[in-house]
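**Student:** Going down the list, the sequences are from chains C and V.
For the first sequence, this note's numbering gives the first residue as 1264, with consecutive numbering after it.
For the second sequence, this note's numbering gives the first residue as 3, with consecutive numbering after it.
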Amino acid sequence: DAGVTQSPTHLIKTRGQQVTLRCSPKSGHDTVSWYQQALGQGPQFIFQYYEEEERQRGNFPDRFSGHQFPNYSSELNVNALLLGDSALYLCASSLEGFLGSGANVLTFGAGSRLTVL
Amino acid sequence: AQSVTQLGSHVSVSEGALVLLRCNYSSSVPPYLFWYVQYPNQGLQLLLKYTSAATLVKGINDFEAEFKKSETSFHLTKPSAHMSDAAEYFCAVRPKTSYDKVIFGPGTSLSVIP
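1) Give the interface partners of residue 48 (chain V) over in chain C, defined as CB-CB distance under 7 Å, in chain order.
2) With a threshold of 6 Å on Cβ separation, who are the neighbours of residue 26 (chain V) within its own chain once the five nearest residues in sequence on each side are excluded?
3) Establish whether the CB of residue 92 (chain V) and some CB of chain C are separated by less than 7 Å.
4) Could you check what DSSP says for residue 26 (chain V) in three-state terms: helix, strand or coil?
5) Which residues does DSSP pair with residue 1340 (chain C) in a beta bridge?
6) Comparing C-alpha positions only, which one of C:1293, C:1308 and C:1279 sits nearest to residue 1333 (chain C)?
7) What three-state label does DSSP hand residue 35 (chain V) in the structure shown?
8) Taking the continuous beta strand (DSSP E) assigned at residue 1318 (chain C), which residues delimit it?
9) With a threshold of 7 Å between beta-carbons, can residue 1353 (chain C) be considered close to chain V, or not?
10) Check the C-beta distance from residue 12 (chain V) over to residue 111 (chain V) and give it rounded, since I have them as a contact under 8 Å.
11) Mind checking if residue 1373 (chain C) is an interface residue toward chain V, Cβ cutoff 7 Å exclusive?
12) May I ask you to report which of helix, strand or coil DSSP gives residue 1346 (chain C)?
13) According to the neighbour-count rule (16 or more other Cβ atoms, all chains shown, within 10 Å of its Cβ), is residue 115 (chain V) buried or exposed?
14) Residues in the same chain with beta-carbon distance under 7 Å from residue 1271 (chain C), minus the five sequence neighbours each way, listed in chain order, please.
15) Please work out which residues of its chain come closer than 7 Å, Cβ to Cβ, to residue 1342 (chain C), disregarding the five sequence neighbours upstream and downstream, and give them in chain order.
16) In angstroms, rounded to a whole number, what distance separates the CA positions of residue 1306 (chain C) and residue 41 (chain V)?
17) Whose Cβ in chain C lies nearer than 9 Å to the Cβ of residue 129 (chain V)?
18) May I ask you to list, following chain order, the residues of the region 1304 to 1323 of chain C that have a beta carbon less than 8 Å from some beta carbon of chain V?
19) Helix or strand or just coil, what does DSSP make of residue 86 (chain V)?
20) So, residue 22 (chain V) versus residue 79 (chain V), is the Cβ gap smaller than 7 Å?
21) Taking only the alpha-carbon atoms, compute the straight-line gap between residue 1344 (chain C) and residue 1312 (chain C) and give it to the nearest angstrom.
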């Protein structure tokens, strides 16, 4: 059973460019969350998607946007890249349902490492 | 708002020694609590979780953690460190009542000295 897969694994962009990162959730999961992990820090919550809608959002600017498709896969888009956007971007999936449950465990992918020059 | 603190950004232990990684949370209502481990160039893997059943939670690879409400703590321990335990460890919290986000602590890097 495949877990969470992310692509690409590494990429390099320049300031001002745009990037799209992709995530396929674990089979049976319906919710995708995205996290940004800067070097030496803990993951910071960007947003969560359920039923193709953004259900929760962290303290990230509108340059960060996302999408969830009917097959539950998801994309994270970042526009007008800044040097500070360099980080490991982690996708996590879970089975939440409409109400969700705090006991649900996140399953993480290996991440996409973005370097902005 | 909920938050997580992890005392000690870096911990070193000798192989075979006790591992103790500290985690304290701030929440008006005791949340669900988790410990995740991250090996280099990998995503996070769940070690264990507390969901208000037993206060002493056992996880994978002989790790365990004890929930102490009075101390708002959820420290992670392992009786005997192995070289393969060297990794980054993250404590995380999540409210019990909704699909709210998981909040991670800053992490503790564990080194195991042979």
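We treat Cβ as the ideally placed atom computed from N, Cα and C, and that holds for glycine.
**Tutor:** In short:
1) The contacting residues are 1368.
2) 7, 74 and 75
3) yes
4) strand
5) C:1283 and C:1328
6) C:1293
7) strand
8) 1316 to 1320
9) yes
10) 5 Å
11) yes
12) helix
13) By the Cβ-count criterion, residue 115 (chain V) is exposed, with fewer than 16 other Cβ atoms from all chains shown falling within 10 Å of its own Cβ.
14) 1375
15) Within the same chain, residue 1342 (chain C) has close Cβ partners 1281 and 1326.
16) Cα-Cα distance, rounded: 14 Å.
17) Residue 129 (chain V) falls outside the range modelled here, since chain V spans only 3 to 116, and no answer is possible.
18) 1304, 1305, 1306, 1307, 1308, 1311, 1313, 1318, 1319 and 1321
19) In the three-state reduction of the DSSP assignment, residue 86 (chain V) falls in the helix class.
20) yes
21) 22 Å
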